[in-house]
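Numbering (UniProt numbering), first residue to last: 1 to 225.
Below is one structure, written out as C-alpha cells; comments come after it.
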Amino acid sequence: MLFLSRSIAVICVHFLIITHNKHTINGQGVENEGNKSVLSASLYSKIFKERRNEHQTVIKNMITSQNYEKNFKLLKLAYGKIFQLIRDSNITMTSYAYEPLRDGFAQNSNLQDAVSTVMENCCIAAESLIHFPEISYRIFGKQYLEWKLMLNWCYEFVNSFPHIIDESTAKLMTILFQEINEEFRNPEYVNPYHEASKHQEKKKENKRHKKLKKGPSLSGGKKEL
1 MLFLSRSIAV
11 ICVHFLIITH
21 NKHTINGQGV
31 ENEGNKSVLS
41 ASLYSKIFKE
51 RRNEHQTVIK
61 NMITSQNYEK
71 NFKLLKLAYG
81 KIFQLIRDSN
91 ITMTSYAYEP
101 LRDGFAQNSN
111 LQDAVSTVME
121 NCCIAAESLI
131 HFPEISYRIF
141 GKQYLEWKLM
151 LNWCYEFVNS
161 FPHIIDESTA
171 KLMTILFQEI
181 NEEFRNPEYV
191 NPYHEASKHQ
201 EKKKENKRHK
211 KLKKGPSLSG
221 GKKEL
C-alpha cells in the first residue's frame, strides 16, 4: 500500500495540500520499494522535522504579508481541510484499534499514512492558532468546543511520540495546551501574537472606514448656474 504523508501548507496566496508518493530528506527521495513504504521511526523523525520546517516557513510568510483578509481566507480553507484530514485519519487508526502509547510507531503502511497525516496537521493547526489567534477564534466561532476537543486530542497524540518529535515540537504542544485551556495556564503565560492580531485587525478596520469615508461623489461639487 502506498504510503502517503499529507499536511496542510499555506504559502502566501496559495492553499496547498501536500501529498507525497515518496518522502524526501534534504531534497532526496525515499523510494517506495514494491510500491510500499514502511518507514522506521528514526527515518520518519527526520522527515517530520523537515515538514515542521516547512510549516514554520509558511507561517513566517503569512506574518510578513500582514494581509489580514488574505490570511483569514487562507486559514479558513486550511482549518476546514485540517479538520477533515484528522477526522478521517482517526477513523483509520480506530479501525486498526491503534494506540500509539501501546503500539509505538505504526509498522503498517496504512497506519503510518494516518499517523503522519495526523501529526503534521495537528502541528500546522497549532502553529496557525498560536500565531493567528484572533483569526483562528473567529473562524472557529460556534464550533470552538469541537476545535478545543480536537486540539486537546492533538496535544496528547503528538506527545505520544517522544522518540519522533523534537524539543521545538514538544514546546509547541505545551503552548497549544495553555492557549486553549485558560484554566491550566502558567501565571507567566502570554501569547504575544494576541496583540499583533489586534493591531492587524485595527489596521483593517481603519482601512475599511477610510474607504467608506471617501465614498463616491454624486454631486461632483457645487456649480454656479
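The C-beta atom is built at its ideal place from N, Cα and C for all residues, glycine as well.
Just so it is clear, the structure is predicted and the values come from calculations on it, not from any experiment.
Within the segment 104–191, not a single complete beta strand (DSSP E) segment reaches 3 residues in length. The Cβ-Cβ distance between S89 and T117 falls below 8 angstroms.
Taking I135 as the centre and dropping the five residues before and after it, the same chain places the C-beta of N71, F72, L75, S197 closer than 7 angstroms to its C-beta, in chain order.
DSSP places N71 in the helix class (H, G or I) of the three-state scheme. For L77, the secondary structure class from DSSP, reduced to helix, strand or coil, is helix.
Closest in alpha carbon position to K81, among V58, R185, G104, N121, is N121. By the criterion of a C-beta distance shorter than 8 angstroms, L111 is surrounded in its chain by T92, M93, Y96, Y98, once the five residues flanking it on both sides are discounted.
D166 is the residue among W147, D166, S65 whose C-alpha sits nearest the C-alpha of I47. Using a Cβ distance threshold of 8 angstroms, Y189 and M173 do not count as a contacting pair.
Around the Cβ of L129, a 10 Å sphere holds 16 or more other Cβ atoms; the residue is buried. For the pair Q56 and E127, the CB atoms are nearer than the 8 angstroms cut-off. The Cβ atoms of H163 and A41 sit closer than 8 angstroms to each other. Burial of F157 is indicated by the presence of at least 16 other C-beta atoms within 10 angstroms of its C-beta.
CA-to-CA, the gap between V58 and Q66 works out to about 13 angstroms.
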